C-alpha cells in the first residue's frame, strides 16, 4: 500500500489495474490529483477523461493538467439522465454537490447534467473512478451501457451523510452493480480489499466515519492482482461495525 498519498486504498487499486495504453475516467476530478495519477499510469499511449462541474475547481484542473497530453477535460456534471439540475458550489474543495450541505455556504446555479453513456462514446474505459458527493449511484446508472460492455474496475464513494438525500444507499448501489455482474469490495487503508456479499451490511462506525470507498470488479481478477483468497476475509457477523 501507499500510506503517504491521498486515499492510498484507491491509488492502490489504480496501480494494480491500470496499464499503459488503457483508458481511465475520473468523475468528480476536483483539482486533478487522481487525474494526474492515472495519466502517469496509462502513459502517453493511454487516455484519461476527467469530469468536474465546479467552475472554480475546473479552472484549477485545467491549470494542473496543462502539460498532460493524454488527458481530456470536461466541465459536464454527470447524472443518470440528461436533464437540467441545480448544482451547489461550496468554497471548500470537495463539498460541491447536487444537494446542499447544511453546514456550508453555497453558490447555487442551474446546469445541464448528462449521462456518461451519451458523452463517452469511445473508447471503452478500463477504469472508472467516481467521487461525486452522494451522486455516485446516479452517475453509474447513467453509465449502464458502458458497464455492461465491461469495465475492469470501478471505484466509488459511499457517503452515509448525504447519499440518502439523493435517494441512494450503499445497498441500492451494490445491488445495481451486482446485477450487472460486478463483485463489490470495501477498500481499506493498508488492507487487501474486503469482499462484500449482497447480504453483508456496512454500518457507520462509532468513531463517526461517514464515508467509505468501495470497488466493483470481478472477484477472480481481484484475487489475481492481490494474490489472496477473497473469501478468507469476512465481515464479523455479516456487518462492518
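In my numbering, the protein residues as written are 114 to 354. Positions of the beta carbon are idealized from the N, C-alpha and C atoms, including for glycine. All figures in this text were calculated on a predicted structure; none of them were measured in a lab.
Beta-carbon proximity of residue 160 to residue 182, cut-off 8 Å
no
What's the call for residue 237, buried or exposed, on a 16-neighbour Cβ count within 10 Å?
exposed
Once you ignore the five residues that flank residue 187 on each side, which residues in its own chain have a CB closer than 6 Å to its CB?
164
How about residue 198 and residue 224: do their beta carbons lie closer than 8 Å?
yes
Comparing alpha-carbon positions, which option in 201, 134, 226 lies nearest residue 215?
201
Span of the beta strand (DSSP E) holding residue 155?
No beta strand (DSSP E) holds residue 155; the alpha helix (DSSP H) holding it covers 146-155.
My understanding is that residue 370 touches residue 206, with C-beta atoms under 8 Å, so please give their C-beta distance in whole angstroms.
Any property of residue 370 remains undetermined from this structure, which presents the chain solely from 114 to 354.
Among the candidates 229, 148, 141, whose CA atom is the shortest distance from the CA of residue 179?
148
Close beta carbons around residue 325, own chain, < 7 Å, minus the five adjacent residues each side:
271, 299, 315
Roughly how many angstroms lie between the CA atoms of residue 289 and residue 341, to the nearest whole one?
26 Å
Expressed to the nearest angstrom, what Euclidean distance is found between the alpha-carbon atoms of residue 312 and residue 168?
40 Å
Between which two residues does the alpha helix (DSSP H) containing residue 266 stretch?
Element bounds for residue 266: not the alpha helix (DSSP H) but the beta strand (DSSP E), 266-272.
Buried or exposed by the 16-neighbour rule on C-beta atoms within 10 Å, applied to residue 321:
Because residue 321 sits at a pLDDT of 47, beneath the cut-off of 50, its placement in the model cannot be relied upon, and the following sentence gives the value as read from the coordinates. Classification for residue 321: exposed.
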